[in-house]
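Under this note's numbering, the first residue of the sequence shown is numbered 93, with each subsequent residue one higher. The structure under discussion appears below in the form of structure tokens.
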Amino acid sequence: MTAGRRSLRLFEEMKKSRLIAFLSPKRVEQCLSAYRICREEGVVLEIAFRSLWAEKGIKAVLQAHPEALILAGTVLTKAQAQAAIGAGAAGVVSADYIPDVVDICVEEDVMCVPGGLSDVGKQLVRKAAGYGCTLDELKKRYPYQWIYKLFPAFSGKTSHLMLVSAWSGPFKDVQFVYTGGLTRETLPRAVLSNPRGIFCGSELMQFPDDPKKTRDEILAWKNILNPGRTAVPVKKTSPVLGISPGRPRVVCFGEIMGRLSTPSGERLQRAGRLDLHFGGAEANVAVSLAGFGMDVVFVSTLPNNDLGENALSSLRSFGVDTGCIIRKGQRLGIYYLEHGSGPRPSKVVYDRAGSSASEMGPGDFDWESILENAAWFHWTGITPALGPNVADCLKEALAVAAARRIPVSVDLNFRSKLWSSDEARDVMSPLMSFVNVCLGNEEDATRIFGIEAGKTDVESGHLDAEGYKKLTQDLKKMFGFQKVAVTLRESLSASENNWSACLLNEKEFLATSPIRVRITDRVGSGDAFAAGLIFGILSGKTDEDALRFGVAAACLKHSIKGDFNLVSADEVNRLASGDKSGRVQR
93 MTAGRRSLRL FEEMKKSRLI AFLSPKRVEQ CLSAYRICRE EGVVLEIAFR
143 SLWAEKGIKA VLQAHPEALI LAGTVLTKAQ AQAAIGAGAA GVVSADYIPD
193 VVDICVEEDV MCVPGGLSDV GKQLVRKAAG YGCTLDELKK RYPYQWIYKL
243 FPAFSGKTSH LMLVSAWSGP FKDVQFVYTG GLTRETLPRA VLSNPRGIFC
293 GSELMQFPDD PKKTRDEILA WKNILNPGRT AVPVKKTSPV LGISPGRPRV
343 VCFGEIMGRL STPSGERLQR AGRLDLHFGG AEANVAVSLA GFGMDVVFVS
393 TLPNNDLGEN ALSSLRSFGV DTGCIIRKGQ RLGIYYLEHG SGPRPSKVVY
443 DRAGSSASEM GPGDFDWESI LENAAWFHWT GITPALGPNV ADCLKEALAV
493 AAARRIPVSV DLNFRSKLWS SDEARDVMSP LMSFVNVCLG NEEDATRIFG
543 IEAGKTDVES GHLDAEGYKK LTQDLKKMFG FQKVAVTLRE SLSASENNWS
593 ACLLNEKEFL ATSPIRVRIT DRVGSGDAFA AGLIFGILSG KTDEDALRFG
643 VAAACLKHSI KGDFNLVSAD EVNRLASGDK SGRVQR
């Protein structure tokens with residue numbers, strides 16, 4: 093087999109595995125043992141040439157396993173490159189862009205993976221010159237050379253991950269290898285930043301003489317690459333969902349907006365006055381949880397003006413910790429609401445473009461500090477829909493939550509005025525890997541993931557119970573969630589609904605009986621359900637009781653003006669236990 097064919101095969105193995113175990117051997121036997129483990133676990137092995145045993149180790153592996161495809165790492169000179177290729181390495185990795193090393197690899201048609209923080213273009217141009225071809229021809233004819241190593245990916249607390257986005261513009265589809273500072277704690281951030289990335293770590297080979305510990309480490313990294321999948325059982329790495337000691341600290345991340353609504357019975361096109369409230373999916377959850385007695389932190393940005401101060405004061409007045417809200421940007425997002433009645437549905441008009449929250453981005457928040465001692469992290473699909481920069485900011489939070497094993501919930505909340513179904517699917521799908529509890533309605537699941545609830549027709553109000561069961565099963569199967577909860581609204585009119593919910597956990601499918609509600613204000617009812625379910629889980633309720641609590645909270649929200657559900661846990665418990673009388677409490 094030619095050197096080029098071996099490099100191509102190695103390149104395909106690297107893309108399939110996405111993991112490279114970096115070994116600095118202290119004797120030849122460690123190379124042989126490491127290769128056998130990597131081969132069985134489907135991981136590529138890189139042997140560091142800074143070790144005196146590297147050349148002999150690569151030769152020993154090839155002698156015992158002629159089919160082996162090994163990377164030679166930390167190759168810094170022309171002589172080392174020649175020695176590595178002579179020993180049988182199918183690829184050569186450098187800590188920097190070293191022209192002599194690139195030239196030797198191109199001459200021998202062996203994969204070359206230079207590293208650094210700036211030279212992705214230079215090394216590609218030099219490779220193309222060596223082959224006597226254009227960059228487009230290099231990418232097509234020698235795909236194993238269309239590669240670069242981000243090194244270091246992390247320097248202490250500093251991340252260099254965003255460089256890849258900048259490079260990917262002029263050099264499309266370059267395969268990036270991430271190394272330097274990669275640990276179990278930092279790997280989730282790297283994975284979220286580039287789902288196509290290849291990740292190399294010395295931690296995978298920190299126990300070269302202990303096969304069991306090495307395999308355990310590899311399995312742990314695999315599970316971070318694909319959380320909730322089949323690498324290891326979900327229960328081994330997922331956070332334990334249940335009662336949290338003391339007052340649980342919940343972190344909610346998203347946008348709070350101003351809401352201008354018409355008085356009941358008036359139309360927006362003729363309204364002479366509008367009532368101001370504040371709200372937003374995650375903010376609504378935060379206020380509800382604070383009302384239930386939990387410590388809640390709301391993370392967002394607000395403009396440094398009177399409207400921003402009003403929104404901030406509103407959150408504080410309901411007991412929400414606003415210490416992590418940054419003041420920046422020029423405007424508060426606004427939405428206008430016309431209340432529906434009878435056969436006339438409610439109407440919403442958004443004016444949120446260019447809002448302060450839409451300017452949130454990577455590096456704005458110290459997620460390590462924010463999520464310290466957190467018992468839960470909640471977000472919704474509205475947040476990443478605000479823009480790629482906001483989605484990247486969310487990814488940072490999810491990476492830290494995953495490293496700290498903090499339970500994460502998402503309310504899918506598809507908004508067609510913010511993005512298309514295809515855009516939502518592309519962004520949301522990789523984020524689902526870091527979610528433990530998924531909430532939504534049947535329209536969210538259909539519009540984002542193409543999963544339908546049987547013969548349910550939301551327009552006519554017909555609900556297919558078996559269809560909802562299958563919908564939760566499909567979501568759980570697709571993403572490995574621990575719990576999936578779906579709300580069911582049977583719309584009798586704009587003034588009256590039947591409201592219920594269902595939940596699938598690891599053992600059973602649960603469904604509540606519907607509660608009929610007369611509607612004063614339905615906005616925020618889904619958020620009230622989310623808060624109720626989260627509270628129930630963190631309070632140690634059974635899933636059945638937590639589901640009932642969530643439904644009761646949502647039903648009570650229909651009776652309250654504004655986005656916020658201003659009810660106590662005792663009030664929700666009374667309805668959840670069957671008290672629907674509405675009698676005066678004296």
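Heads up, the beta-carbon is just placed ideally off N, CA and C, and yes, glycines get one too.
Local conformation of residue 274 per DSSP, three classes: Within the sequence shown, residue 274 is the residue found at index 182, counting from 1. Residue state for residue 274 is assigned as coil, using DSSP reduced to three classes.
Rounded straight-line distance, which links the Cα of residue 399 to that of residue 410: Here residue 410 refers to the residue found at position 318 of the sequence shown. Here residue 399 refers to the residue found at position 307 of the sequence shown. Near 17 Å, if we compare the C-alpha coordinates of residue 399 and residue 410.
Residue 189 vs residue 208 beta-carbon contact at 8 Å: Taking the sequence shown and counting its residues from 1, one reaches residue 189 at position 97. Taking the sequence shown and counting its residues from 1, one reaches residue 208 at position 116. Against a cut-off of 8 Å, the Cβ pair of residue 208 and residue 189 comes out as a contact.
Buried versus exposed call for residue 321 [16 or more other C-beta atoms within 10 Å across all chains shown]: Working through the sequence shown from its first residue, we reach residue 321 at position 229. Any reading at residue 321 must be qualified, since the residue scores a pLDDT of 39, below 50, and its modelled position is unreliable; the value itself is stated next. Exposed: under 16 other Cβ atoms inside 10 Å.
Distance between residue 506 and residue 568 (C-alpha atoms, nearest Å): On the sequence shown, residue 568 is found 476 positions in, with the first residue counted as 1. On the sequence shown, residue 506 is found 414 positions in, with the first residue counted as 1. One C-alpha to the other measures close to 18 Å.
Through-space distance from residue 560 to residue 464, alpha-carbon basis: The residue given as residue 464 occupies position 372 in the sequence shown. The residue given as residue 560 occupies position 468 in the sequence shown. Near 36 Å, if we compare the C-alpha coordinates of residue 560 and residue 464.
Every unbroken alpha helix (DSSP H) within the segment 608-641, with a cutoff of 4 residues, ordered by chain: 617-630
Exposure label - residue 476; buried when at least 16 CB within 10 Å: As a first step, residue 476 is located in the sequence shown; it is residue number 384 there, counting from the start. Residue 476 should be labelled buried.
Cβ-based burial, residue 94 [other Cβ within 10 Å; buried from 16]: The residue you call residue 94 lines up with position 2 of the sequence shown. By the neighbour-count definition (other C-beta atoms within 10 Å, threshold 16), residue 94 is an exposed residue.
Closest by C-alpha distance to residue 412, when choosing among 431, 422, 384, 438: Along the sequence shown, one-based indexing puts residue 412 at 320. For the residues 431, 422, 384, 438, the minimum Cα distance to residue 412 belongs to 384.
Cα-Cα separation between residue 416 and residue 473, rounded to whole angstroms: Within the sequence shown, residue 416 is the residue found at index 324, counting from 1. Within the sequence shown, residue 473 is the residue found at index 381, counting from 1. Spanning the alpha carbons of residue 416 and residue 473 requires a straight line of approximately 21 Å.
7 Å CB neighbourhood of residue 153 in its chain, flanking five on each side removed: For this step, residue 153 is matched to residue 61 along the sequence shown. Contacts found: 123, 124, 127, 160, 162.
Spatial neighbours of residue 667 in its chain, beta-carbon cut-off 7 Å, leaving aside the 5 residues before and after: Position 575 of the sequence shown, counting from 1, holds the residue named residue 667. Closer than 7 Å at the Cβ level, and outside the excluded window around residue 667, lie 644, 647, 648.
Residue nearest to residue 348 in terms of C-alpha spacing, selected from 308, 444, 497: The sequence position of residue 348 within the sequence shown is 256, counting from 1. Of the candidates 308, 444, 497, the one whose C-alpha sits nearest the C-alpha of residue 348 is 444.
Buried versus exposed call for residue 206 [16 or more other C-beta atoms within 10 Å across all chains shown]: Position 114 of the sequence shown, counted from the first residue, corresponds to residue 206. Per the 10 Å Cβ criterion, buried.
Helix, strand or coil at residue 282 according to DSSP, with G and I counted as helix: Residue mapping note: residue 282 aligns to position 190 of the sequence shown, counting from 1. Note: residue 282 maps to helix in three-state DSSP.
Where the alpha helix (DSSP H) through residue 259 begins and ends: Within the sequence shown, numbered from 1, the residue matching residue 259 stands at position 167. That run of the alpha helix (DSSP H) goes 255-259.
Check whether residue 536 and residue 622 have beta carbons under 8 Å apart: Taking the sequence shown and counting its residues from 1, one reaches residue 536 at position 444. Taking the sequence shown and counting its residues from 1, one reaches residue 622 at position 530. The answer is no: Cβ separation not under 8 Å.
Cβ neighbour criterion (16 or more within 10 Å) applied to residue 275: Walking along the sequence shown from the start, residue 275 turns up at place 183. Residue 275 is exposed by the Cβ-count criterion.
Residues near residue 157 in its chain [Cβ-Cβ closer than 7 Å; skip 5 each side]: Taking the first residue of the sequence shown as 1, we reach residue 157 at position 65. Closer than 7 Å at the Cβ level, and outside the excluded window around residue 157, lie 127.
Residue ranges of each beta strand (DSSP E) within the segment 327-404, 3 or longer: 341-345, 349-353, 367-371, 387-391
Contacting residues, own chain, Cβ-Cβ under 8 Å from residue 339 (five flanking each side not counted): On the sequence shown, position 247 is the one that residue 339 refers to. Excluding residues within five positions, the ones whose Cβ falls inside 8 Å are 385, 386, 387.
Residue 290, DSSP secondary structure in three states: Translated into positions along the sequence shown, residue 290 becomes position 198. DSSP, read as helix, strand or coil, puts residue 290 in strand.
At least 3 beta-carbon pairs within less than 8 Å: the segment 452-468 vs the segment 354-370: Using a Cβ-Cβ distance cut-off of 8 Å, the segment 452-468 and the segment 354-370 are not in contact, since fewer than three pairs of beta carbons, one from each stretch, lie closer than that value.
Cβ-Cβ distance between residue 345 and residue 491 below 8 Å: Position 253 of the sequence shown holds residue 345. Position 399 of the sequence shown holds residue 491. No.
Collapsed DSSP secondary structure at residue 439 in the structure displayed: Looking up residue 439 in the sequence shown gives position 347. Correct three-state label for residue 439: strand.
Per DSSP, the bridge partner or partners of residue 268: The count along the sequence shown starts at 1 and reaches residue 268 at position 176. Residue 268 is bridged by DSSP to 240.
Selected residue, minimal CA-CA separation from residue 136, among 115, 142, 121, 149: To locate residue 136, count along the sequence shown from 1; it is residue 44. Comparing Cα positions, the closest option is 115.
Buried or exposed (CB count within 10 angstroms, at least 16 for buried), residue 308: Within the sequence shown, residue 308 is the residue found at index 216, counting from 1. An exposed status is given to residue 308, since fewer than 16 other beta-carbon atoms sit within 10 Å of its beta-carbon.
From 638, 630, 279, residue whose alpha carbon lies closest to that of residue 596: For the purposes of this step, residue 596 is identified with residue 504 of the sequence shown, where counting begins at 1. Among 638, 630, 279, the Cα nearest to that of residue 596 belongs to 638.
Meets three-Cβ-pair contact criterion under 8 Å: the segment 221-235 and the segment 283-303: no
Cβ-Cβ distance between residue 241 and residue 185 below 8 Å: Mapped onto the sequence shown, residue 241 falls at position 149. Mapped onto the sequence shown, residue 185 falls at position 93. Result yes, Cβ atoms of residue 241 and residue 185 sit closer than 8 Å.
C-beta contact flag for residue 380 and residue 545 at 8 Å: Position 288 of the sequence shown, counting from 1, holds the residue named residue 380. Position 453 of the sequence shown, counting from 1, holds the residue named residue 545. Contact flag unset, no.
Start-to-end residues for the beta strand (DSSP E) that takes in residue 135: Within the sequence shown, numbered from 1, the residue matching residue 135 stands at position 43. It is not in any beta strand (DSSP E) - residue 135 carries neither H nor E in the DSSP assignment.
Candidates 424, 538, 247: closest to residue 370 by CA position: In the sequence shown, residue 370 corresponds to position 278, counting from 1. The shortest Cα separation from residue 370 among 424, 538, 247 belongs to 424.
Residue burial classification, residue 524 (beta-carbon count within 10 angstroms, cutoff 16): Numbered from 1 along the sequence shown, position 432 holds the residue referred to as residue 524. Looking at its Cβ environment, which holds 16 or more other Cβ atoms inside 10 Å, residue 524 is buried.
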